[in-house]
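Student: A single structure is presented below for examination.
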């Protein structure tokens, strides 16, 4: 090798090495910035886990806050969260796997799989169900309402369509439950068994599913509505019921971890699950949903970059996946303390990831957590200070009587907090004095501590404002 070529080779090596070092340093700076943002959010009620992969490198993979407050178990990358409607991407992939196996086509109509359908349902296609254009309403019953397969689908197919099939987007959990049943009919396997066999096992995912995984109990996250009401884990509920309700199967409720979902992303990228042409079909922007599109279980940004995403939630858990295929970044955001204040955290992370100068918006306390934290840290003599804070600093969060009303009942059920409950109900009557319900609730508060006379006074105020239910309550009280 002559000297010129030798020096050129060395220079090229040094350039590449320098580039890699700079990239690693940039990733480190970015990870520290996002980590600091999330750590600060913990004191304001954020609990969860975040994984960020960029250009094939995991730059952040951590848990924040608590998975179980009573047992003092922290969240980690292996903590198991309910991923909500991110379940839909698995249903979409399972349908395409069956298409690959020549078991069905996405153009097949419902009458191919179900007998005795009403005329308005017969020609609805799999494609329409996948893209939320089948015309079905969003849901029929609660997530854990147990019902037989026969009764559920009789109710679904007898329900009135929300719109003409194939005309426009209308988000429908029912449509994805129908798809789950089509997977079962076509494969002759239980929905979850099919996902385990054809999606999760090939991906190396062993902590994803409903009932089949050997769950590590120490890694299960409890869900906290507004970061105050412990709703336990959905896995415990599935085990208690011995099944997953058809109101949830196929459209939501799967549990998983950050690490498992990264394995899923890698399996998709390497075509372990679907051939490339079917993966492309999975993430095609088919139907317009306000300012973005929907594919087969994915939302798709209306941008030059190919960015797919989806959210999920159930009142206790919040989950978001964002995957920019063009710029090669992947974000998994999981939280077990759901509230409107933390639902957009994943998008704040994305902004920071794509704009070095962007400062993520601070994670704020939700009004429920704010009030309960104040009560824990102060005695009843500071109650007027709480009211001033509500009026001066948090007025936007207390724009309706519903928030303080709920907090009053939550506090009333808490041990030794009856005085605070009365205070919260009284605050509500000062803020919304012309609403009958706030006086009815104040009456309930007094009644709960045995102050019947004060209860009657407040019930009468509610009656004067038109509450017929309170009138019935008062008559019953006066009879006793």
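Residue numbers (full-length UniProt numbering): 1 to 480. We treat Cβ as the ideally placed atom computed from N, Cα and C, and that holds for glycine.
#1: Give, in chain order, every unbroken run of the beta strand (DSSP E) that is at least 3 residues long and sits entirely within the stretch 177-235.
#2: I need the DSSP call for residue 166, collapsed to helix, strand or coil.
#3: Starting from residue 66 and walking both ways along the beta strand (DSSP E), at which residues does that stretch end?
#4: Near residue 318, what residues of its chain come up, given a Cβ to Cβ distance below 6 Å and the 5 sequence neighbours on each side ignored?
#5: Return helix, strand or coil for residue 477, following the three-state DSSP convention.
#6: Quick one: what's got a C-beta closer than 7 Å to residue 23's C-beta in the same chain, skipping five residues either side?
#7: For residue 470, count neighbouring Cβ atoms within 10 angstroms of its own Cβ and tell me buried if that reaches 16, exposed if not.
#8: Is the stretch 264-281 in contact with the stretch 377-385, if contact means three or more CB pairs nearer than 8 Å?
#9: Please determine, among 143, 32 and 68, the residue with the shortest C-alpha to C-alpha distance to residue 222.
#10: Among the candidates 444, 461, 464 and 466, whose CA atom is the shortest distance from the CA of residue 477?
#11: For residue 405, which residues of its own chain have a beta-carbon under 8 Å away from its beta-carbon, when the five flanking residues on both sides are left out?
#12: Sort 202, 42 and 326 by Cα distance to residue 341 and report the nearest one.
#13: Hey, out of 127, 229, 147 and 118, whose CA is closest to residue 373's CA?
#14: In its own chain, which residues sit with a C-beta less than 7 Å from the C-beta of residue 86, not counting the 5 before and 5 after it?
#15: Figure out for me which residue from 403, 64 and 271 has the closest Cα to the Cα of residue 280.
#16: Which residues in the same chain as residue 225 place their Cβ atom closer than 7 Å to its Cβ, once the five residues preceding and following it in sequence are excluded?
#17: Measure from the alpha carbon of residue 91 to the alpha carbon of each residue in 296, 123, 451 and 385, then state which is nearest.
#18: Hey, how far is the Cα of residue 101 from the Cα of residue 179?
#19: Below 8 Å on the Cβ atoms is my contact criterion, and I expect residue 305 with residue 291 to pass it. Report the Cβ-Cβ distance as a whole number of Å.
#20: Pull up the DSSP beta-bridge partners for residue 289, would you.
Tutor: With the given structure in hand:
#1: none
#2: Coil, per DSSP.
#3: 66-68
#4: 335, 338 and 343
#5: helix
#6: Unreliable placement is indicated for residue 23, whose pLDDT of 48 sits below 50; the coordinate value is still reported in the next sentence. Closer than 7 Å at Cβ, skipping near neighbours: no residue.
#7: buried
#8: no
#9: 68
#10: 444
#11: 425, 428, 437, 438 and 441
#12: 42
#13: 229
#14: 310, 312, 319 and 321
#15: 271
#16: Non-local beta-carbon contacts of residue 225 in its own chain, meaning distances under 7 Å to residues more than five positions away in sequence, involve 231, 315, 316 and 338 in chain order.
#17: Residue 91 has its Cα closest to that of 296, out of 296, 123, 451 and 385.
#18: For the pair residue 101 and residue 179, the Cα-to-Cα distance works out to about 16 Å.
#19: Between residue 305 and residue 291 the beta-carbon gap is near 15 Å, outside 8 Å, which marks them as no contact.
#20: 292
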